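Numbering-wise (this note's numbering), the sequence shown opens with residue 30 and increments by one.
This report refers to the structure that appears directly beneath it.
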Amino acid sequence: MGCELCPRRCGADREIQPGFCGLKKELRIARIAPHLWEEPPVSGRRGTGAVFFSGCSLRCVYCQNGEISHGCAGRTFTPRELADALKRLTDLGMHSISLITGTPFVPQILEALALYRPPLPLVWNSSGYETVETLRMLEGTVDVYLPDLKHYSARMGRLCAGAPDYFTVASAAIREMCRQTGSPVLGEDGILQRGTLVRHLILPGLTGESMKLLTWIRDTLPEGTPVSLMRQYVPCNGVSVPGLNRRITEQEYRRVLAHMQALGLPGFVQEAEAADRDFIPVFNRDESFI
Ligand code: SF4
């Protein structure tokens, strides 16, 4: 049977050819290294051990990691090699392990984790565009879900990722994530041991979409579900969607932030200084792998 791991359900026989995500069957990874710039309960002071998988099943036109999501930069790994890398990250004293955009490789990731399960919170960092069936394969293994919630309207899902069903799919996926993890549990060190933390990146000219998404979170997800409001959008890849060729304004950020505060949503906000930091890691160089 062809691959149906993600909502594209493109049915590719990845033994023979890549699917919509650009990936054949072999596990492919762009970067394995400590990462300091996730939310405080994920990376803490010492960082999270981040594994950036190559390719992506959503492939947003404005992706800030286009080299890996569209270009599939990286190299192949066996599950044994991934297990060994997870052990090295653990030995470095990371607070958590983050598996980033791993959906097309869920079977191989589970194989690696059967060989070595880090004794740390395991974070599944995703676009939010996931099937409930694939998420159920991760139940009992993933401790923390860190999904994006990107677009509310079918129009923006279509324009930005060719996915008019984005909100329908992601909203069901995030409800499933919350069901699996329950309410957030913080350790004594302030690191999230269990829970779902929803990220939202504000896009220029689309504060109305942001506000609808935040309202949906308040109305639908369990009380206390934290939100990370991000303002770091930078036009990338010569993005052609009208209006997305600039950064957001201070006024736009303040408008969405005020709405989040009025809703009483707990979580994290990104200060301007942090939004200006270079969040785009280096890929495909010697230092990409510990
Ligand atoms: S993970 Fe890739 S190959 Fe599998 S259904 Fe999604 S796009 Fe197709």
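Heads up, the beta-carbon is just placed ideally off N, CA and C, and yes, glycines get one too.
Every value quoted in this text rests on a predicted model; they were computed, and no experiment measured them.
| Asked | Found |
| --- | --- |
| Contact the segment 96-116 vs the segment 197-209: 3+ CB pairs below 8 Å | no |
| Paired residues, beta bridge with residue 177 - DSSP | 228 |
| Alpha-carbon to alpha-carbon, residue 260 and residue 253 | 22 Å |
| Classification of residue 60 by the beta-carbon crowding that lies within 10 angstroms, buried from 16 upward | buried |
| Terminal residues of the beta strand (DSSP E) in which residue 182 lies | Note, residue 182: premise wrong, no beta strand (DSSP E); not H, not E. |
| For residue 63: DSSP bridge partner residues | 78 |
| Buried versus exposed call for residue 45 [16 or more other C-beta atoms within 10 Å across all chains shown] | exposed |
| Rounded C-alpha distance that separates residue 100 from residue 81 | 13 Å |
| Residue 152 in three-state terms, based on DSSP | strand |
| Per-residue DSSP class, three states only, for residue 88 | coil |
| Close Cβ partners of residue 130 (< 6 Å) along its chain, the five nearest in sequence each way excluded | 82, 85 |
| Continuous alpha helix (DSSP H) stretch holding residue 206: start and end | 195-210 |
| Residue nearest to residue 174 in terms of C-alpha spacing, selected from 214, 146, 182, 137 | 214 |
| Per-residue burial, residue 172 [other beta carbons within 10 Å of its own, 16 or more giving buried] | buried |
| Beta-carbon proximity list for residue 188, same chain, < 6 Å, skipping 5 on both sides | 270 |
| Euclidean distance between Cα positions of residue 132 and residue 177 | 14 Å |
| Beta-carbon proximity list for residue 181, same chain, < 7 Å, skipping 5 on both sides | 196, 238, 241, 242 |
| Burial state of residue 307 (16 or more Cβ within 10 Å) | Confidence at residue 307 is low in this model, with a pLDDT of 44, below 50, so its placement is unreliable and no value can be given for it. |
| Distance between beta carbons of residue 91 and residue 265, contact taken as under 8 Å | 6 Å |
| For residue 137, the nearest candidate out of 319, 124, 105, 236 (CA to CA) | 105 |
| Residue 35: CB within 7 Å of a non-hydrogen atom of the ligand SF4 | yes |
| Cβ pair count under 8 Å reaching 3, the segment 116-127 against the segment 284-297 | no |
| Residue 167 vs residue 153 beta-carbon contact at 8 Å | yes |
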